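Read through the structure below, which is laid out as structure tokens, and then see the notes.
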Amino acid sequence: MVHNTIDMCGRKGGGVCRTASPFAQPDRHTARLVSTFRIIAIILLPLVIFITIAESGVFRSRNEAPGQPIDFSHKIHAGNYQISCLYCHTNARRSPVAGVPSVQRCMGCHTITAADRPEVRKLKGYWDRQEPIPWIKIFGQPDFVAFSHVAHVRAHVACEECHGPVETMDRVHKAVDLTMDRCLGCHRDRQASIDCVTCHK
Amino acid sequence: MNRRDFFKLLGFGGAATLTGCSSQAPEGLIPYLVPVEEIIPGQATWYATICRECPAGCGMLVKTLEGRAVKVEGNPDHPVNRGRLCGRGQAALQGLYNPDRIRQPLLKDASGQFKPLSWHDAEGWLAVRLKELRAHRQEIVWLTPHLTGALDQLIDRWLRAFGSQRRLRYEPFAYEAIKAANKLLFGLEAIPTYDLQSSQLIFSFGSDFLDTWISPVMYSREFAAMRTCEAGHMGRFIFIGPRRSLTAANADRWVSVSPGSEGIMAAGMVRVIIAEGIDRGVPKGEIERIKDLVDRYTPHLISQTTGVTPADLEGLARLFAKADPGLALSGGAAESGRYATATVAAVNLLNYVTGNIGRTVRFSPLSSLNRLSSHRDLVALIQAMNDGEISALFLSEVNPVFSLPRSAGFEQALDKVPLVVSCGSFMDETTAKATLVLPTHTPLESWGDDESWEGLYGLMQPAMEPVFGTKPLGDLMLSLAKRSSNSRAAAFTEESFYEVLRNRWRKLHQRVRPETEFETFWSEALQRGGVFQETHPRRISLNLGGLAKAFQGLQALARPDNLTLLLYPSINHFDGRGANRPWLQELPDPLTQLTWDSWLEIHPEDAQRLAISEGDLLKVQSPYDEIELPAHLSAGVRRGTVAAPVGQGHTAYGRYADPHNPNAVGFGEKRRGGNPFALLPFEPEAGSGGLLLSTPVTLTNTGVKYPLASVSGSARQHDRGIAQAISPAQLRPGEPKPNTQHPTPEARQMYPPHEHPVHRWGMAIDLNACTGCSACVVACYAENNIPVVGKEQVAMGREMSWIRIERFEEGPADRPGTRFIPMLCQHCDNAPCEPVCPVYATLHNSEGLNIQVYNRCVGTRYCSNNCPYKVRRFNWFTYPWPEPLHLQLNPDVTVRESGVMEKCTFCVQRITAGKAKAKDEGRPIRDGEIEPACAQTCPTNAIVFGDLKDPTSAVSRLSHNPRRYRVLEHLNTQPAITYLKKIIPANGEVSSLEFRGTGSTHNELNT
């Protein structure tokens, strides 16, 4: 998989380049597929069972909170200081994509505010080097889903309804399962459209 | 554990493995350092520019998302194309993102291999050479394609600074004969404005104005406007020529004449008109002179040479004289044969004696194509190269090694030039012979301007940052001039080409709008795509002396003993420059329905005589060269004539054009027909210096079968009534409307009827407007991330296009009429595909769309089997987009993977966006606001989309048009697409210009 590097907001539309040759002979293709399955099924069976159990949530939490390049705390910003979500994620009210704030926006406050803290120094490091911060994406939808932030902000859906109580989290994790079931439940409750193409593209 | 439990676990384990795999690797979320003012992520930004895929100079809008271009559309403000684009224009994106673009400068070493080097070194190397050339006062030549505006001026200025002035604007199709004939007859070496729209009758002597001739998007629009039934009148169109081109296929009548006899046909008609005194406004004194000149073109002589009977010729002449106004055009083979200038002169004279000069043929505004170099200039250049007069040759985006006849010897002459520098985006046959290759920006990355017609000043701006480390040609020239510093080169004080451009536009500003601030003028021009001015009419008069000179030697070509080969520019690849765009390779040629290939069209009777059958690989020998081409049997060429499209047969142009490229994809078997340009004679036409596009050939069957990939099943409709037609007489109110379909049974439904509470989207397609140009097909590829599958897959019927142009033949087998019909998902109200889907992946939605949910589809293909229109496409594989072609993908449309069914969605992403916009602005959706990609680009506005629930919408009105019908209606599918029957005059009606159609209801007939 090759991710599009130009796409600044993590949309999958940049496209995925896959390597399977469309010009291969179908029968050879099938044969290869069968042998692959055999290897997976027989040799890797114990591993498979382990992953299955692990995936079932017995051993660990379903929603991980990956370490970010800067230990940014939503709890401090959105919780303690009550900064509105849309102050930093501005595009949510005018675009399908909420996006993340530019480094310039972070520096707008942090040139002075808490400039001596180690994490803020890291931020300044990125700014001084003129490097964007390689955040790790927590929330996302698959390529076949078209989700629009602006439509939901306009319909007065609160951010936490999908993103969970982010303002209580030092390190953000996916506290809410963004499944189709959840989308549909909410759409039904609010009498929003449940037509397939409202969300599927 | 018993066997059964083992399998259960195995199945469970397999499923779990897949679940495990689906958890994605961490994805980055990269912010801007400083937000870009023009970009809101997720919102499109549009930039106006000019299309440079051919010399027509259409206005173009580029849609960019997060800084990358994803779609191009016509610029509605540009007078040439008014918002529409052809298929080649749509494919401009695949030039920008072409995986075969040259990425850094290349210098040929002693072993003849290209070695990459840095820009600094490359420019340094070249600057040293330029200094030497200047010191020794040696000649430098620039060879560019059709160029106008600031870059054109800069090149001239640059050459002067180096003490040279030889400069060629080279296009293989340069309309030399039109210019020469106009010079002789009217004293103006120019290409005039042809007004198709106001004509009552068009005679085209070989001019393929709907294919590639001069400005096909503009002429398509005007032609369709002429053919609407507005005010109860529909213009007639008769094509005279040896081959049924796309343009000829749209004619009411195709008069087949032998190649080279178009001129005497026109002269014969002039003779009839003068003899019968039905001319219009010709002064008495001139009549006698004209009469003398055309006296020998008797109907008898013409009938002997062309096979057109005297009565027919007289009928045609009388008809043309009656048209008020008419328009006679000459082009294609007529304009590039041995008597090209005389032929065009005869056609001009036909226009003159019927009073069309000044009415439908106007010498204002003139096309800037009149500045093109002629083929004769190229031949002279080759001579100079061979004589060692040329010390350095600079080439930019031209490929003469490919597009000049091999007998011209350009390739050999290149070896005599010590320094050959190629500035362009692609490796091609000519660039491969260069010493130094300097990769430049594509037009979508460049600043520039374009003056396609007098008064139309188009402005080009970069739509995105350069994809690779290329440089703009203008900047490169400035930098070279400065680095090879000499006193005169120091006159280049501009920092960049952008400054050169702005300085030129400052002068334009002073001329056209001095009252405004320059910055205002500039930014308005950038937004609009240029400044468009009306021009003043020019008065011209006939020069009788010139006329006599032009007519010298006009006679029909002696019929050769062997076959005559006729070459024509391909609608997909033009002169070959479109051959490395995968969309254009996969796009079927509208007439032959063939993909990925070149071919030789031969009449079935000739084929039988020579024991040739479809797909035989033939050795084609002209007096100059020989190539191999597969045979395609077609009644669309005259007996004794064979025809081949140019554009294919590349040997060094990238993976989609050249089967021998190391990365070649899509060809299947590694063989492809040769380059037909090679066969042509190099001698220019005597009168105009133009390139001759025909030559006598002999054919030898090699006995090898060559697989041609055709998308056509049968050329005949077999009484299915798919593409229907109606005659003007039948359209009159009260006349019975014929139905060539099976009777429609009483509608029966197993399921409750669908409800469409708010909208019901529908489409109307006017077959009388559709010319079959296939622009819609390419637009759909671009908009909907449709993969290209390659020749072998196409041959297996696995092409993925969501919309296709079906071509049907009607009438006698030797002279069939042609009908085109765009076929796409009909979004049936009672869709046969829906009830057979076991997983509910395809269903009818509340707005009348038949939708396909990709993530639900399991690939049973039942839906496709049950679709009577055969518009569903199955992903047999996950098809690749070689980098960086994937940057073009539309993020609003899913990229499908193998095992999934897909089809036309009516561009649901555009519907969603249109609804969201209307909702944001608190208003209902406006009719015409939502346009699928196909309808948006259609040059003739044949496709209309809208809401059937709104009785005032254009699509609702059209769906009550007396010409309406729905394809395969008797199957009770209840399609959402209404087709309007093509209006085909019955035999007697072609020769009548009367069409008093439906009287008061004529507005409904308008499209």
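Sequences listed follow chains A and B, in order.
Positions 55 to 255 (the working numbering) are the ones given, in order, by the first sequence.
Positions 9 to 1015 (the working numbering) are the ones given, in order, by the second sequence.
All C-beta atoms in this analysis are idealised placements derived from N, C-alpha and C, irrespective of residue type, glycine included.
Computed from a predicted model, the values in this text were never measured in an experiment.
>> Strictly under 8 Å for the Cβ-Cβ distance: is A:His254 near chain B by that measure?
In response: yes
> For B:Glu284, is the classification buried or exposed, using 16 other Cβ atoms within 10 angstroms of its Cβ as the cut-off for buried?
Replying inline: exposed
>> For B:Pro318 and B:Val712, what's the separation of their Cα atoms in angstroms?
In response: 44 Å
>> DSSP three-state label for B:Leu358, please.
In response: helix
> Straight-line CA distance for B:Gln98 to B:Ile295?
Replying inline: 49 Å
>> Quick check on the burial criterion: 16 or more other C-beta atoms within 10 angstroms. Buried or exposed for A:Glu118?
In response: exposed
>> Strictly under 8 Å for the Cβ-Cβ distance: is B:Tyr664 near chain A by that measure?
In response: no
> Where do the ends of the beta strand (DSSP E) carrying B:His640 lie?
Replying inline: Glu634 to Leu641
>> Quick check on the burial criterion: 16 or more other C-beta atoms within 10 angstroms. Buried or exposed for A:Gln158?
In response: exposed
> Which same chain residues, not among the five before or five after B:Ala686, have their C-beta less than 6 Å away from its C-beta?
Replying inline: Arg414, Asp633 and Ile635
> In this structure, does DSSP put B:Leu435 in helix, strand or coil?
Replying inline: Just to set this straight, residue 435 of chain B is Met in the shown sequence, not Leu. In this structure, B:Met435 counts as coil in the three-state DSSP scheme.
> Is the shortest distance between the beta-carbon of A:Cys240 and the beta-carbons of chain B less than 8 Å?
Replying inline: no
> When the cut-off is 8 Å and only beta carbons count, does A:Gln332 lie next to chain B?
Replying inline: Residue 332 of chain A lies beyond the range of chain A shown here (55 to 255); nothing can be said about it.
> Is DSSP giving B:Val963 helix, strand or coil here?
Replying inline: helix
>> Quick check on B:His308: does DSSP put it in helix, strand or coil?
In response: helix
> If you draw a straight line from the C-alpha of A:Ser202 to the C-alpha of B:Glu74, how long is it?
Replying inline: 16 Å
>> Can you pull the chain A neighbours of B:Leu857, defined as C-beta to C-beta under 7 Å?
In response: Val251
>> Distance check for B:Gly339 and B:Phe213, CA to CA, integer angstroms please.
In response: 6 Å
>> Going by C-alpha to C-alpha distance, which of B:Ser872, B:Arg663, B:Phe181 and B:Gly770 sits closest to B:Arg965?
In response: B:Gly770
> What number of angstroms, rounded off, separates the C-alpha of B:Leu626 from the C-alpha of B:Arg812?
Replying inline: 30 Å
> Any idea what DSSP makes of B:Glu503, helix, strand or coil?
Replying inline: coil
> Using a beta-carbon distance cut-off of less than 9 Å, what residues from the region 193–226 of chain A approach chain B?
Replying inline: Gly194, Pro196, Asp197, Phe198, Val199, Ala200, Ser202, His203, Val204, Ala205 and Arg208
> Whose Cβ in chain A lies nearer than 7 Å to the Cβ of B:Leu595?
Replying inline: Within chain A, no residue comes near B:Leu595; the closest Cβ sits about 18 Å away, beyond 7 Å.
> Is B:Glu147 near the ligand ATP, in the sense that its beta carbon is under 7 Å from a heavy atom of that ligand?
Replying inline: In the structure on display, the ligand ATP does not appear, and there are no ligands present to speak of.
>> Quick check: is the beta carbon of B:Ile48 nearer than 8 Å to any beta carbon in chain A?
In response: yes
>> Spatial neighbours of B:Met435 within its chain, please: C-beta separation below 8 Å, excluding the five flanking residues on both sides.
In response: Asp108, Ile110, Val445, Ala660, Tyr661 and Gly662
> Nearest chain A C-beta to B:His1010 closer than 8 Å, yes or no?
Replying inline: For B:His1010, the predicted structure reports a pLDDT of 34, less than 50, and the residue's modelled location is therefore unreliable. A value from the coordinates is still provided. No - not a single Cβ of chain A is within 8 Å of the one on B:His1010.
>> I believe B:Leu151 touches B:Leu401 by the beta-carbon criterion, under 8 Å. Please report the beta-carbon distance rounded to the nearest angstrom.
In response: 7 Å
> For A:Arg175, which residues in chain B fall below 8 Å Cβ to Cβ?
Replying inline: Simply none; closest approach about 17 Å.
> From which residue to which residue does the beta strand (DSSP E) around B:Lys815 run?
Replying inline: Reading off the sequence, residue 815 of chain B comes out as Arg, not Lys. Per DSSP, B:Arg815 belongs to the beta strand (DSSP E) from Arg812 to Glu818.
> What are the uninterrupted segments assigned as alpha helix (DSSP H) that are 4 or more residues long and contained completely in the region 114–154 of chain B, given in chain order?
Replying inline: 127–143
>> Considering Cα atoms alone, identify which of B:Ala348, B:Asp457 and B:Val352 is closest to B:Arg60.
In response: B:Asp457
> What's the call for B:Tyr848, buried or exposed, on a 16-neighbour Cβ count within 10 Å?
Replying inline: exposed
> In three-state DSSP terms, what is A:Cys250?
Replying inline: helix
>> For a contact defined as C-beta to C-beta under 9 Å, what are the partners of A:Arg244 on chain B?
In response: Ordered by position in chain B, no residue passes the 9 Å Cβ test against A:Arg244, which lies about 15 Å from the chain.
> chain B partners of A:Val154, CB-CB under 7 Å?
Replying inline: Leu37 and Pro39
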